[in-house]
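Visitor: According to the working numbering, the sequence shown is numbered sequentially starting from 15.
Yeah, the Cβ is synthetic: ideal placement off N, Cα and C, and Gly gets one too.
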Amino acid sequence: MMLDFLRSDLADLEAYTPHPRGEAVHSIDRLDTNESPFDLPPELKEKLAWIYRNQLETNRYPDASQAELKAAIAQYVSESAAVKNAIAPENISLGNGSDELIRSLLIATCVGSECAILAPEPTFSMYGVLAKTLAIPIVRVGRTANRFEVNIARAQYAIEWNSLIRAVFVAHPNSPTANLLSEAELDWLRGLPKQILVVIDEAYFEFSRTSVVSELHEHPNWVILRTFSKAFRLAALRVGYAIAHPELIRALETLRLPYNLPGFSQAAALIALEHRRELLQVVGLILEERDRLYRVLSQLPEVCVLPSQANFLYLRPPPPHASQETLERLVQALKDRGTLVRHTGGGLRLTVGTPEENSRAIERLQQVLAELL
Ligand SMILES: *Cc1c(COP(=O)(O)O)cnc(C)c1O
Numbered sequence: 015m016m017l018d019f020l021r022s023d024l025a026d027l028e029a030y031t032p033h034p035r036g037e038a039v040h041s042i043d044r045l046d047t048n049e050s051p052f053d054l055p056p057e058l059k060e061k062l063a064w065i066y067r068n069q070l071e072t073n074r075y076p077d078a079s080q081a082e083l084k085a086a087i088a089q090y091v092s093e094s095a096a097v098k099n100a101i102a103p104e105n106i107s108l109g110n111g112s113d114e115l116i117r118s119l120l121i122a123t124c125v126g127s128e129c130a131i132l133a134p135e136p137t138f139s140m141y142g143v144l145a146k147t148l149a150i151p152i153v154r155v156g157r158t159a160n161r162f163e164v165n166i167a168r169a170q171y172a173i174e175w176n177s178l179i180r181a182v183f184v185a186h187p188n189s190p191t192a193n194l195l196s197e198a199e200l201d202w203l204r205g206l207p208k209q210i211l212v213v214i215d216e217a218y219f220e221f222s223r224t225s226v227v228s229e230l231h232e233h234p235n236w237v238i239l240r241t242f243s244k245a246f247r248l249a250a251l252r253v254g255y256a257i258a259h260p261e262l263i264r265a266l267e268t269l270r271l272p273y274n275l276p277g278f279s280q281a282a283a284l285i286a287l288e289h290r291r292e293l294l295q296v297v298g299l300i301l302e303e304r305d306r307l308y309r310v311l312s313q314l315p316e317v318c319v320l321p322s323q324a325n326f327l328y329l330r331p332p333p334p335h336a337s338q339e340t341l342e343r344l345v346q347a348l349k350d351r352g353t354l355v356r357h358t359g360g361g362l363r364l365t366v367g368t369p370e371e372n373s374r375a376i377e378r379l380q381q382v383l384a385e386l387l
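Here is the structure:
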């Protein structure tokens with residue numbers, strides 16, 4: 015059937031379905047989407063349930079100003095940057111996951127005008143996915159072969175010769191390659207002209223413990239994205255935030271749907287922040303497990319493993335690189351044995367899970383690599 019009223023370019027896009035649907039996902043190790051392997055502790059769920067029972071009026075719209083949560087986030091961000099009150103609520107905008115903020119930034123810069131974005135690949139797939147849904151062109155530049163740093167010469171050339179580029183997207187640390195921006199990459203971003211928006215996605219900040227927040231006041235064209243979906247264990251509740259100059263924040267506030275964050279999600283994020291010390295305690299364990307996985311997997315001759323500053327590892331067969339087909343077969347063979355991993359950017363991305371999940375992942379990887387490579 016042809017629905018002639020639809021934009022013709024939508025026919026080429028497919029809905030994003032990371033987890034296979036309709037399968038018994040609870041019996042499988044889900045190491046493909048970089049969530050925390052740990053649910054909220056039962057006491058915090060109880061507390062949240064109490065708030066839901068006694069305070070949340072489901073018949074009323076949630077707080078559209080989101081003032082309480084913004085204030086709590088501003089304090090957390092200032093504290094994490096070790097700069098007292100550096101960040102105020104006027105520097106914060108909230109999204110239904112940082113995915114929503116990525117889309118809002120694309121709308122704010124590129125919709126309704128001829129414009130393009132630059133997102134050095136491989137990187138977080140949503141930048142490209144969301145740009146495509148808005149019919150925004152993506153200028154492709156790659157990364158260096160060994161360390162996966164942005165190919166700065168190429169990127170700079172693109173910016174100088176393509177006056178349509180209005181925004182640059184980078185993740186710090188990057189997904190799927192797990193590396194932080196190097197000093198050279200940061201210098202390049204610092205030097206970009208002020209008419210280009212620089213989006214620095216710190217989704218894994220709580221694992222990397224590295225941030226550019228302290229430089230934000232020098233760069234009105236920078237925006238930092240963070241999320242409650244990873245270390246804070248709230249992926250189901252969809253809370254992300256942007257940190258930027260108040261004028262950029264005002265633009266995001268104008269664009270967002272007034273009730274983009276359900277009351278329950280706001281309450282959960284507040285509780286998570288209030289109990290951050292306790293919640294973030296397991297980050298240490300996850301990092302230890304990551305380092306154990308790294309040590310073991312880097313002994314395997316069939317794959318190269320990149321050092322990671324996040325809660326996941328990126329594996330690639332050494333050159334001559336395995337074909338997409340072979341990688342697909344590896345993913346399927348791992349899934350058949352009970353471990354989900356993500357095939358992306360010409361390699362496999364493995365989320366650090368519980369110690370048991372990680373041990374099973376090692377064992378299964380050894381088996382499938384021996385079988386298929
Ligand atoms: C997981 C992730 C996000 C988080 O998205 P949410 O919509 O907040 O769940 C953002 N950026 C990167 C690079 C990620 O890996």
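Give the residues whose C-beta lies closer than 5 Å to at least one heavy atom of ligand 1, in chain order.
Guide: In chain order, the qualifying residues are Gly111, Ser112, Asp113, Phe138, Ala185, Ser189, Asp215, Ala217, Thr241, Ser243 and Gly254.
Visitor: Hey, would you say Pro51 sits closer than 7 Å to Thr358, going by beta carbons?
Guide: No, the Cβ-Cβ distance between Pro51 and Thr358 is not below 7 Å.
Visitor: Does DSSP classify Ile214 as helix, strand or coil?
Guide: Strand.
Visitor: Quick one: what's got a C-beta closer than 7 Å to Ala122's C-beta in the same chain, skipping five residues either side?
Guide: Ala265, Leu266 and Leu269.
Visitor: Identify whether Arg161 lies in helix, strand or coil by the three-state DSSP scheme.
Guide: Correct three-state label for Arg161: coil.
Visitor: Would you tell me roughly how many angstroms separate the C-alpha atoms of Val153 and Val164, rounded to the nearest one?
Guide: Val153 and Val164: Cα-Cα distance of roughly 13 Å.
Visitor: I need the straight-line Cα distance from Ser112 to Tyr308, nearest angstrom please.
Guide: If you take the alpha carbons of Ser112 and Tyr308, they lie about 28 Å apart.
Visitor: Is it the case that the Cβ atoms of Ile285 and Leu58 are separated by a distance below 7 Å?
Guide: Yes, they are a contact pair.
Visitor: Please report the residue range of the alpha helix (DSSP H) in which Ala282 lies.
Guide: Segment Gly277 to Glu288, the alpha helix (DSSP H) holding Ala282.
Visitor: Is DSSP giving Ser107 helix, strand or coil here?
Guide: Here Ser107 sits in strand by DSSP.
Visitor: Would you check if the region 230-250 and the region 277-295 touch, i.e. whether three or more CB-CB distances between them fall below 8 Å?
Guide: They touch, by the three-pair rule.
Visitor: If contacts are defined as beta-carbon pairs under 8 Å, then Thr353 and Ala375 qualify, I think. What distance do you get, rounded to the angstrom?
Guide: Indeed they touch by this definition, with Cβ atoms about 5 Å apart.
Visitor: Compare the C-alpha of Pro103 against each of Ala167, Asn110 and Ala88 and name the closest.
Guide: The candidate whose alpha carbon is nearest that of Pro103 is Ala88.
Visitor: Taking Cβ to Cβ, would you say Asn48 is nearer than 7 Å to Phe326?
Guide: Cβ atoms of Asn48 and Phe326: closer than 7 Å.
Visitor: Following the continuous alpha helix (DSSP H) through Ile83, name the residue where it begins and the one where it ends.
Guide: In the sequence as presented, Ile is not what sits at residue 83; that position holds Leu. Where Leu83 is concerned, the enclosing alpha helix (DSSP H) stretches over Ala81 to Ser94.
Visitor: From Cys124, Leu144 and Glu229, pick the residue whose C-alpha is nearest to that of Ile210; which is it?
Guide: Of Cys124, Leu144 and Glu229, the residue nearest in Cα terms is Cys124.
Visitor: Three-state secondary structure (DSSP) at Val382?
Guide: Three-state DSSP puts Val382 in a helix.
Visitor: Smallest Cα separation from Val317: which of Glu303, Ala336, Asp305 and Arg306?
Guide: The shortest Cα separation from Val317 among Glu303, Ala336, Asp305 and Arg306 belongs to Ala336.
Visitor: Going by DSSP, what residues sit across from Gly254 in a beta bridge?
Guide: Its beta-bridge partners are Gly109 and Thr241.
Visitor: Report the option in Ser228, Leu206 and Val213 whose CA atom is closest to the CA atom of Leu262.
Guide: Minimum Cα distance to Leu262 is reached at Val213.
Visitor: Would you say Val345 and Leu329 are within 7 Å of each other, going by their C-beta atoms?
Guide: No, the pair does not count as a contact, with Cβ atoms beyond the cut-off.
Visitor: Tell me which same chain residues have a C-beta within less than 6 Å of the C-beta of Ala283, skipping the five on either side of it?
Guide: Excluding sequence neighbours, Ala283 sits near Leu83, Phe242 and Val253.
Visitor: Using only CA atoms, which one of Asp26, His40 and Ser92 lies nearest to Ile257?
Guide: The shortest C-alpha separation from Ile257 is found at Ser92.
Visitor: Who are the Cβ neighbours of Glu128 in its own chain at under 7 Å, not counting the five residues just before and after it?
Guide: Closer than 7 Å at Cβ, skipping near neighbours: Leu178.
Visitor: Would you check if the distance between the CB atom of Ser189 and the CB atom of Phe138 is smaller than 7 Å?
Guide: Taking 7 Å as the Cβ cut-off, Ser189 and Phe138 qualify as a contacting pair.
Visitor: Rounded C-beta distance between Phe183 and Ile238? I'm assuming under 8 Å.
Guide: Between Ile238 and Phe183 the Cβ distance is about 12 Å, and since that is not below 8 Å, they are no contact.
Visitor: Any idea if Arg356 is buried or exposed, counting beta-carbon neighbours within 10 angstroms, 16 or more meaning buried?
Guide: Answer is buried; the Cβ neighbour count reaches 16.
Visitor: Under DSSP, the alpha helix (DSSP H) around Ile166 begins and ends at which residues?
Guide: Here the alpha helix (DSSP H) through Ile166 covers Ile166 to Trp175.
Visitor: Between the Cα of Leu251 and the Cα atoms of Glu229, Glu232 and Pro276, which residue gives the shortest distance?
Guide: Considering only alpha carbons, the answer is Pro276.
Visitor: Let me see if you follow: with CB-CB separation under 7 Å, is Arg330 close to chain C or not?
Guide: Checking the listed chains, one finds no chain C in this structure; it contains a single protein chain.
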